[in-house]
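Taking it in order: structure first as structure tokens, then the write-up.
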Amino acid sequence: MLALVRPDSWNLPLFLHVLGATLTFGTTTTVMVLGFAGVRGDRERAVWLRSLTFWISFGILVPAFILMRGSALWILDKEFPGGHEPGWVGVGFIVSEPGALLVIVMVILAWLARSPKSRVAVAVPWLASILLVGLAIAWFAMSAKPGT
Amino acid sequence: MTLYQWLLFFHVTGAFFLIGGIVVAGILNLAAIVKDRPPSQVATLYGLIRFAVPLIGIGLLLTLVIGLWLVHNVGYSYGETWIVAAIVLWVLASALGNIDGKYQRQTGELAQRLAAEGDASSPELRARLRNPRALVISYGSGLMAFAVLGLMIWKPGV
Numbered sequence: 001m002l003a004l005v006r007p008d009s010w011n012l013p014l015f016l017h018v019l020g021a022t023l024t025f026g027t028t029t030t031v032m033v034l035g036f037a038g039v040r041g042d043r044e045r046a047v048w049l050r051s052l053t054f055w056i057s058f059g060i061l062v063p064a065f066i067l068m069r070g071s072a073l074w075i076l077d078k079e080f081p082g083g084h085e086p087g088w089v090g091v092g093f094i095v096s097e098p099g100a101l102l103v104i105v106m107v108i109l110a111w112l113a114r115s116p117k118s119r120v121a122v123a124v125p126w127l128a129s130i131l132l133v134g135l136a137i138a139w140f141a142m143s144a145k146p147g148t
Numbered sequence: 149m150t151l152y153q154w155l156l157f158f159h160v161t162g163a164f165f166l167i168g169g170i171v172v173a174g175i176l177n178l179a180a181i182v183k184d185r186p187p188s189q190v191a192t193l194y195g196l197i198r199f200a201v202p203l204i205g206i207g208l209l210l211t212l213v214i215g216l217w218l219v220h221n222v223g224y225s226y227g228e229t230w231i232v233a234a235i236v237l238w239v240l241a242s243a244l245g246n247i248d249g250k251y252q253r254q255t256g257e258l259a260q261r262l263a264a265e266g267d268a269s270s271p272e273l274r275a276r277l278r279n280p281r282a283l284v285i286s287y288g289s290g291l292m293a294f295a296v297l298g299l300m301i302w303k304p305g306v
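Sequence order for the protein chains is A and B. The numbering of the first sequence is this note's numbering, which starts it at 1 and goes up by one. The numbering of the second sequence is this note's numbering, which starts it at 149 and goes up by one.
Here it is as structure tokens:
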């Protein structure tokens, strides 16, 4: 019932956090779809799709992830100014910290996969799939707030 | 966990599916129109948009059904401004999204036909891809979903 008593000053950071999270989910799904499409078919088409995967992961996924994570810290600072945050907030950290590393590795691999001779292209959509599972766990914790 | 917590989880899941699907379709659509691409590439990108369709469909269903259930569960009135505005925007976004989906399917079919006939770019395909009215409908329906997200957080009138 937090929504009923939430101070107005929390709304903007919360909106930006949810916006960033949904953009991250949508962009990660796009990277996964393009990534799987880019490991089959003729070589020219595959290289074009891998290049597109790189530009989308670098140009949209990274800013969306930063928006999600940055606004999470902003709302956390307002909601729990003295620390002592509940367990569901901890789940967000458990997902987003390795998630950030996953995004960095994914962007590097997507960049390397632009070469026609590269063999790392297949890793990109699988890493995106793992990130999607992590995001689903985080939105379960953030929305249902189990244990409260 | 209480019923409220489960409802909120499925409602938020619906929002993630809906907006996530819109983002997938929006990015692939944008990738098709920002550069002059051969019809085969346009057909590939429009073909991949089909993966966004079930996400958007499930998202639309979950956001509305679970959302209305949540209104009842929490004890809000169905006549509150932000709830009425959200439902109106949901209906408009769905209707515009449906029109856009049909238009994009036809554009994808044209691109596929051109790709099979030698993959030469055509003024008709270019005109369909950059049709201002179609773009307003497409991106307008997406922006309405983001506006609903804003309404859910600010709840004007509460």
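Backbone N, C-alpha and C define an ideal beta-carbon position, used for all residues, glycine too.
Item, Value
"Contact set between A/Lys145 and chain B, taken where Cβ atoms lie within less than 7 Å", "Gln153"
"Buried versus exposed call for A/His17 [16 or more other C-beta atoms within 10 Å across all chains shown]", "buried"
"Neighbour flag for A/Arg45 against chain B, beta carbons, 8 Å", "yes"
"CB contact below 8 Å: A/Gly26 versus chain B", "yes"
"Coarse secondary structure for A/His17, derived from DSSP in three states", "helix"
"Close Cβ partners of A/Ala110 (< 6 Å) along its chain, the five nearest in sequence each way excluded", "Thr53, Phe54, Ser57, Val124"
"Beta-carbon neighbours of B/Ala179, restricted to chain A and to distances below 8 Å", "Leu52, Ile56"
"Own chain partners of A/Ser129 with C-beta closer than 7 Å, once the 5 adjacent residues on each side are dropped", "Met32"
"Rounded separation between A/Glu95 and A/Leu19 - CA only", "According to the sequence shown, residue 95 of chain A is Val rather than Glu. So the alpha carbons of these two residues sit roughly 17 Å apart."
"8 Å Cβ cutoff met for B/Val190 and B/Leu273", "yes"
"B/Val201 versus B/Leu193: straight-line alpha-carbon distance, rounded", "14 Å"
"Spatially closest choice to B/Ala234 from B/Ala295, B/His159, B/Tyr152, B/Trp154, by CA coordinates", "B/Ala295"
"Coarse secondary structure for A/Arg40, derived from DSSP in three states", "coil"
"Separation of A/Ala46 from A/Lys117, as counted between CA atoms", "11 Å"
"Under 7 Å by beta carbon: chain B residues contacting A/Leu102", "In chain order: nothing, as chain B lies at least about 17 Å away."
"Chain B within 8 Å of A/Val122, Cβ atoms only", "no"
"is_contact[B/Ala295, chain A] using C-beta, thresh 8 Å", "no"
"Residues of the region 61-75 of chain A with Cβ closer than 8 Å to any Cβ of chain B, in chain order", "none"
"Where B/Gly168 meets chain A, residues with beta-carbon distance less than 7 Å", "Thr22, Phe25, Gly26, Thr29"
"Residue-chain proximity (A/Leu34, chain B), Cβ-Cβ < 8 Å", "yes"
"Rounded Cβ spacing between B/Val309 and A/Trp139 (contact assumed at less than 8 Å)", "This structure does not reach residue 309 of chain B, given that chain B is present from 149 up to 306, and the question cannot be answered."
"Below-8 Å beta-carbon distance, A/Pro7 vs any chain B residue", "no"
"Whole-angstrom distance between A/Thr30 and A/Ala136, CA atom to CA atom", "16 Å"
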